[in-house]
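Asks: One structure is given below, represented as structure tokens, and several questions about it will come after.
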Amino acid sequence: MTTKKGKQKKFIQGNEACVEGALYAGCRFYAGYPITPSTEIMEVMGARLPKIGGSFIQMEDEIASICAIVGASLGGLKSMTATSGPGFSLMQEGIGYACMTEVPCVVVDVMRSGPSTGYPTGPSQSDVMQAKWGAHGDHPAIVLTPSSVQEVLYETIRAFNLSELYRTPVTILYDEVIGHMREAIILPEPGELHVVERQKPDCSPSEYKPYEVRNNKVAPLAAYGEGYRFHVTGLYHAADGFPTGNTKLIQEANERLVKKVDENKEAIWKNEEFFLDDAEIGVFAYGVCAKSAKFAVKELRSKGIKVGLLRPLTIWPFPDAAVEEMAKQVKTIIVPEMNLGQIVHEVQRASRGKCEVRGIFRVDTDPIHPKQIMNAILGKPVEATVIPDEVMIERDMIDG
Amino acid sequence: MSTQAAVRTVPYKEKAPFDYSSYMRKGKLPHIWCPGCGHGIVLKSLLRAIHATGMQQNDIAIVSGIGCSSRTPGYVDFNTLHTLHGRALAYATGLKLAKPKLKIIVTTGDGDALAIGGNHFIHACRRNMDMTVLVYNNYIYGMTSGQSSPTTPQSMIATTARYGSIEPVFNTCEMAKAAGATFVARGTAYHCQELEKTLYDAIMHKGTAVVDILDSCPTYYGRFNKFKNASEMMEKIEKDGTVSVTQATKMTPEQLQGKLLRGIIHKAERPEYCEEYERLMAKAQGK
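Those protein sequence lines, which keep their order, are chains A and B.
Residues 0 to 399 in numbering that gives the first Met the number 0 are what the first sequence spells out, letter by letter.
Residues 0 to 286 in numbering that gives the first Met the number 0 are what the second sequence spells out, letter by letter.
Quick look at the structure:
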């Protein structure tokens, strides 16, 4: 199907859009392990990559998957894996390794209800703190939160770009609803969107240091097997990549790792502001909740209520500045989340006591209904569920 | 230059004296291994074997996990990757599939490969991707100061087996063979020249090659278990505890009791994973 302007249009689900975005961004390696509700990403990757000369492999578990994509990235390929909560937990050590060794890669977590096996086929937003703090040690985190199928495509491309720019793993965080929902999207044409290619060293192999920072930029990353014989380790290392026990170097290295993202947060932040200009009540919502929030804001605006929405597409680094700006203007910020209160604490911190912050939390695996958000905005009690009992159906439990 | 083109076609011969310096990162020495540790002997055999293959340093990647043996990559001048505990084979799998022209050599230990990395070990053997896996098997966790491993013999002492281990052991070679590795061999640090030949054959093999290398940790295993010194350990465990596969054919089952086989234990022909993937790509592309 094509649009009037001749662009390719497709009616696909979020997980398929993720693949479209990854391939557009130049992803040529996928390793993964099946898990609901992310499996379609893996299945479509397995069908598409061999056709374009890319590599696909089903690993023995999620630990192996994150390790394999880091290995492949060091072989010079843009690499990705996708998973859901239980697999994301297993990947944390490997994500920390990718942060420490500064190897670009993209991890998709299609969130489902937890903890543990939870409710595999129901959506959730309960990995949003894990995405920041899951790996041990202080480390940088870039986490993107698309909330539509088209946006999954765009944000996947942005994830690869940021990953290459900052030489760090980037997580794309969405949920079962976004992953499985079908929407009509427009595929970008080749060359239409900016794709960042990995910076290769321009020095001779003997001069190359894989962690030598010049002009405050991350060091170029050579690929193994192309003449640059370098060392990579998860131990603290000097600019040449070899382990060090020098306390000064360790302090500097850890600070640099975190600052690399922190000092560039303005370039990484991306927010949508919706009716915020004159808002007296604000809503801060991401992912699937932002869909309901937008509906609620539109509804109430039509009734003359001054409410606006701040929707982050980058949840980490946390959009402190935008939240503080909103907090100065509004009386209350409503934070709907499909967890029992995670990002609401960040909103509270960033609003610096300038306004009231209230959360709406729902973990029964049904998305937050716009009515719940409207009730919160209007100061009415927020019911846990707004679906009448008679239409509630007993859903089959499916493991996976 | 591809690794295949660089491979010498002449039969393997030992060459001495040998200059190790071109393969070492001299600035990174001294190494962390204790006096009497066998890892240095194994490393020398490995470097001589690599040299004999004629493969270029740029075309070889050495990948390791965590532990004493896993510190090998830091000392040698190849493409080197020191990864997470147990995960060397998973990183190696990704790297090899992304860059099939690289010859992958994995240096790992008994704890790294068979305990925390056991799952990756069996699946790597099953896939038969072209890589050489050296399991430096010293029956103990050396880096964390002497805890028992999946190869600590029953009744032997470790810091986590104060009254003698009651756990049955893994036989690395049997497990590799059962999981599908197409080249399975055993060597020892004591028989370092024989090890060199075995490693040469393992590196030249197309597919997953596993070499179980009996090696001594005098600092922990030796002290806890009342061995007098490193050389006594090598003699008792590596020399007296093993027989070559050729010797074994002349021995009775009674004589073979308690002995481990040395040399090539299993060899099979099976499609190599990356070549299979090439065929899969051609199929997907309708070629």
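Don't be surprised by glycine CBs; every beta carbon is placed ideally from N, CA and C.
Is it a yes or a no for the stretch 113-131 of chain A touching the stretch 157-169 of chain A, going by three-plus beta-carbon pairs under 8 Å?
Replies: Too few Cβ pairs lie closer than 8 Å, so no.
Asks: Just the Cα atoms here: how many angstroms apart are B:Glu290 and A:Pro366?
Replies: In the structure displayed, chain B extends from 0 to 286; residue 290 of chain B sits before or after that span and is not available.
Asks: Going by the DSSP bridge assignment, what does A:Ala81 pair with across the sheet?
Replies: A:Val107.
Asks: Does the distance from the CB of A:Leu299 to the CB of A:Ile359 come in under 8 Å?
Replies: Contact: no.
Asks: Using C-beta distances below 7 Å, list every residue in its chain close to A:Glu211, excluding the 5 sequence neighbours before and after it, in chain order.
Replies: So the qualifying residues of the chain are Ala218 and Ala238.
Asks: By how many angstroms is the C-alpha of A:Ile65 removed from the C-alpha of A:Lys370?
Replies: Going from the Cα of A:Lys370 to the Cα of A:Ile65 covers about 40 Å.
Asks: Who are the Cβ neighbours of B:Ala178 in its own chain at under 6 Å, not counting the five residues just before and after it?
Replies: Excluding residues within five positions, the ones whose Cβ falls inside 6 Å are Ile121, Cys124 and Arg125.
Asks: Hey, would you say A:Ala71 sits closer than 8 Å to B:Ala97, going by beta carbons?
Replies: Contact: yes.
Asks: Please list the terminal residues of the continuous beta strand (DSSP E) segment that includes B:Lys266.
Replies: From DSSP, the beta strand (DSSP E) with B:Lys266 extends over Leu259 to Lys266.
Asks: Report the start-end ranges of each beta strand (DSSP E) in the stretch 250-299 of chain A that is 3 residues or longer and not cut off at the edges.
Replies: For the stretch 250-299 of chain A, whole beta strand (DSSP E) runs of length 3 or above, ordered along the chain, are 270-273 and 280-283.
Asks: Could you check whether the Cβ of A:Leu76 sits closer than 8 Å to any Cβ belonging to chain B?
Replies: Interface residue, yes.
Asks: By Cβ distance below 6 Å, which residues in the same chain neighbour B:Val132 in space, the five residues on each side in sequence not counted?
Replies: Val105 and Val209.
Asks: Taking 8 Å as the cut-off, does the stretch 230-238 of chain B touch the stretch 175-191 of chain B (at least 3 CB pairs, one atom from each stretch)?
Replies: They touch, by the three-pair rule.
Asks: Let me confirm a value: A:Met0 is counted as buried when at least 16 other C-beta atoms fall within 10 Å, else exposed. Which label applies?
Replies: It counts as exposed.
Asks: Three-state secondary structure (DSSP) at B:Asn78?
Replies: Of the three classes helix, strand and coil, the one that applies to B:Asn78 here is strand, per DSSP.
Asks: Would you decide whether A:Asn245 is buried or exposed? Buried here means 16 or more other CB atoms lie within 10 Å of its CB.
Replies: Its Cβ having fewer than 16 others within 10 Å, A:Asn245 is exposed.
Asks: Assign B:Gly285 to one of three DSSP states: helix, strand, or coil.
Replies: The answer is coil: DSSP assigns B:Gly285 none of H, G, I, E or B.
Asks: Checking contacts by CB at 8 Å: is B:Arg278 closer than that to chain A?
Replies: Not an interface residue.
Asks: Based on DSSP bridge pairs, tell me the residues matched to A:Met325.
Replies: Paired residues: none, contrary to the question.
Asks: So, does the CB of A:Phe87 fall closer than 8 Å to a CB anywhere in chain B?
Replies: Chain B, which has no Cβ nearer than 8 Å to the Cβ of A:Phe87, makes this no.
Asks: Quick check: the Cα distance between A:Ser112 and A:Glu279, rounded to an integer number of angstroms?
Replies: Cα to Cα, the separation comes out at about 33 Å.
Asks: At least one CB of chain B closer than 8 Å to the CB of A:Phe360: is that the case?
Replies: No, A:Phe360 does not count as interfacial toward chain B.
Asks: Taking any Cβ of chain A, which residues in the stretch 39-66 of chain B have a Cβ under 8 Å from it, in chain order?
Replies: Answer in chain order: Gln56, Asn57, Asp58, Ala60 and Val62.
Asks: Just the chain B side, please: which residues come within less than 7 Å of A:Phe241 by C-beta, in chain order?
Replies: Ordered by position in chain B, the residues that pass the 7 Å Cβ test against A:Phe241 are Lys27 and Gly73.
Asks: Under 8 Å between C-beta atoms, does A:Thr246 make it to chain B?
Replies: No, A:Thr246 lies away from the interface with chain B (no Cβ there is under 8 Å from its Cβ).
Asks: Do A:Gly286 and A:Tyr173 have their C-beta atoms within less than 8 Å of each other?
Replies: Cβ atoms of A:Gly286 and A:Tyr173: closer than 8 Å.
Asks: Can you tell me where the beta strand (DSSP E) holding B:Glu231 begins and where it ends?
Replies: From DSSP, B:Glu231 is part of no beta strand (DSSP E) but of the alpha helix (DSSP H) over Ala229 to Met232.
Asks: At what residues does the alpha helix (DSSP H) containing A:Asn14 begin and finish?
Replies: First-last of the alpha helix (DSSP H) with A:Asn14: Gly13 to Tyr23.
Asks: Helix, strand or coil for B:Pro72 per DSSP?
Replies: If DSSP states are grouped into helix, strand and coil, B:Pro72 belongs with the helices.
Asks: Residues of the stretch 116-135 of chain B with a CB closer than 7 Å to any CB of chain A: list them in chain order, please.
Replies: So the close ones are Asn118, His119 and His122.
Asks: For a contact defined as C-beta to C-beta under 9 Å, what are the partners of B:Leu113 on chain A?
Replies: Neighbours of B:Leu113 on chain A: none; closest Cβ ~15 Å, over 9 Å.
Asks: Do you know how far the Cα of A:Gly226 is from the Cα of B:Leu88?
Replies: Straight-line Cα distance between these residues: approximately 23 Å.
Asks: If you run the structure through DSSP and keep just helix, strand and coil, what is A:Ser350?
Replies: Reduced to three states, the DSSP call for A:Ser350 is helix.
Asks: What is the DSSP secondary structure of A:Leu76, reduced to helix, strand or coil?
Replies: It is coil, neither helix nor strand.
Asks: Comparing C-alpha positions only, which one of A:Val296, A:Val257, A:Glu271 and A:Ala320 sits nearest to A:Tyr165?
Replies: Closest by alpha carbon: A:Val257.
Asks: By a C-beta neighbour count over all protein chains shown, 10 Å radius and 16 as the cutoff for buried, is A:Pro49 buried or exposed?
Replies: Under this definition A:Pro49 is a buried residue.
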